[in-house]
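For the sequence shown, the working numbering assigns the number 1 to the initial residue and increments by one for each residue that follows.
For glycine and all other residues, C-beta sits at the position ideal for the given N, C-alpha and C.
On a predicted model such as this, the values are computed, not experimentally measured, just so you know.
In what follows, a single structure is set out as structure tokens and then discussed.
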Amino acid sequence: MDIWDPPHYVAARVQRAIAEDERTNELGIKVDIRGDHLFLHGQVCEEDQRERVAEVAAEAAPGLVVHNEVICVAVGEPGEEELL
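Take a look at the structure:
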């Protein structure tokens, strides 16, 4: 990564790394770059996954300050069957 790359290029590279890395494989994470700050937004199911997303992002964009705003959502058992 070159420090002169436009922010949207860096964001796309980080997003791709999060989607393709075997530790994360997350498609729903949005990445915003503002100056030397990288912001992550989205939802995951577990706190461990949230931490892994930030780790992959930091590896993909060294030198940027990562702000992990990804939230964990509870995933429960499916409800009762809907009859149509």
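Anticipated Cβ contact below 8 Å, residue i with residue j, distance rounded
i, j, result
"Gln43", "Val65", "The Cβ separation is near 22 Å, so there is no contact."
"Ile33", "Pro7", "4 Å"
9 Å Cβ cutoff met for residue i and residue j
i, j, result
"Val10", "Ala58", "no"
Rounded straight-line distance, which links the Cα of residue j to that of residue i
i, j, result
"Arg16", "Thr24", "11 Å"
"Glu55", "Asp36", "17 Å"
Residue i, buried or exposed, once every other Cβ within 10 Å from all chains shown has been counted against 16
i, result
"Val53", "buried"
"Arg50", "buried"
"Leu40", "buried"
"Glu22", "exposed"
"Leu88", "Since the first residue shown for the chain is 1 and the last is 84, residue 88 is missing from the structure and cannot be characterised."
"Ile71", "exposed"
Per-residue DSSP class, three states only, for residue i
i, result
"Arg23", "coil"
"Gly48", "Sequence check: residue 48 is Asp here, not Gly. Helix at Asp48."
"Ile29", "coil"
"Val70", "strand"
"Pro65", "It is worth fixing the name first, because residue 65 is Val in this sequence and not Pro. Of the three classes helix, strand and coil, the one that applies to Val65 here is strand, per DSSP."
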